[in-house]
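To start, the structure under review is shown below, and the notes come after it.
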Amino acid sequence: MKIQGGINLVRLIAPALAAVVLGLVTPSQAQTDKQNERTATPSKGLLWGSKMTLESEACCAALPGAQQPDRAEAALLVTIPDRALRDGPILKLKLQGGRTLKITDCDVEDACEAERFRTHRLAAWWPALGTYVVNVKLYQGGLAYLVSERTGQTTNVVAAPVLSPSGRRALALRGDGALEIIDFTADSPKVIEVSGEPRCAGAVPGSLGPKPEWVDDSHIRFEGGPNAKQLLRIGAGKADWQC
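Following my numbering, the numbering of the sequence shown begins with 608 at its first residue and continues without gaps.
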């Protein structure tokens, strides 16, 4: 009877103990899962609906007669001919270890699994960070990829970011006002979502200026809008509006 009673007691206590443990670990796990959704390596030829593959071949010998559909990208490619290559719908990025990341546009209907229209244009190469910035245009809206030259690991952000003066942080601003801070101090970029809008005197909701400018590594001003006098202050793992 004593043994049976002990077993029953364990059965009663175990679920409660499990709930307590789950409550302790869930927030951290949720944060990790959310970050994992943003940073990944292409596999099976796809990543977030884009056609992306890692190839075991070197990049990027120039191709005679290669098509250049975008002038801004073409101007950038001229400055880094040994790092990136465009041939019509295909963009190739040089990775370490003699490998290449191949990204293919889906510019005709039903060409992609997740989107019926998706193009990719190289927007920047940041040598100090070993990072490529790729603008992704969707059928509606867009986003950007940050691609690690070392591993091919790709981080999904709302728009092509603007680097801070030190290059350790960047800010991505989407047309609808979505804001993200990217921290480059770790092995993989860490994305911090900025929630809320300026609440100082005279603030106009939904009216951030179109030109975010870093005042220093901890403050950002949005020029060209009614909230230009209000700063976004970047702290340890968070961002707050400052009057």
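Beta carbons: idealized from backbone N, C-alpha and C, even for Gly.
Residues that residue i bridges to, as DSSP identifies them
i	result
Ser755	Thr738
Trp848	Leu839
Thr762	Thr646, Leu753
Arg693	Leu698
Leu661	Leu708
Val743	His727, Leu750
Val769	Leu778
Distance CB(residue i)-CB(residue j) smaller than 8 angstroms
i	j	result
Tyr752	Val765	no
Gln760	Thr660	no
Leu780	Leu815	yes
Leu698	Arg725	no
Tyr739	Leu700	yes
Thr711	Pro696	yes
Pro819	Leu778	yes
Arg776	Phe791	yes
For residue j and residue i, believed in contact at Cβ under 8 angstroms, the rounded distance
i	j	result
Pro796	Thr762	5 angstroms
His727	Ser657	7 angstroms
Ala673	Arg693	6 angstroms
Residue i: first and last residue of the uninterrupted beta strand (DSSP E) it sits in
i	result
Ala673	Element bounds for Ala673: n/a, residue is neither H nor E.
Phe829	826 to 830
Lys709	706 to 711
Arg728	725 to 733
Trp655	No beta strand (DSSP E) holds Trp655; DSSP gives it neither H nor E.
Asp790	786 to 790
Ala777	776 to 780
Glu800	797 to 801
Val822	818 to 823
Extent of the continuous alpha helix (DSSP H) to which residue i belongs
i	result
Leu684	678 to 686
Nearest candidate by alpha-carbon position, reference residue i, set the options
i	options	result
Trp733	Gly705, Thr707, Pro768, Ser802	Pro768
Glu800	Asp794, Ile789, Ala810	Ile789
Arg690	Val822, Ala668, Glu662	Ala668
Gly774	Leu815, Ser825, Gly748, Leu745	Ser825
Ser755	Gly737, Arg725, Leu770	Gly737
Gly704	Leu839, Gly844, Lys818, Glu662	Glu662
Gln837	Gln747, Thr711, Val822	Val822
Ala785	Arg828, Ser802, Arg776	Ser802
Thr648	Leu702, Ala730, Glu680, Asp783	Leu702
Leu670	Trp655, Pro688, Asp677	Pro688
Ala846	Phe791, Val741, Glu804, Ala793	Glu804
Ala679	Ala731, Cys713, Gly652	Ala731
Pro772	Val798, Ala810, Leu729, Ile827	Ile827
Ile841	Gln747, Val798, Lys709	Val798
Cys713	Leu653, Asp794, Ala810, Phe829	Leu653
Ala681	Leu729, Trp655, Ala843	Leu729
Glu787	Gln675, Gln849, Gly844	Gly844
Asp677	Ala735, Val741, Leu839, Trp848	Val741
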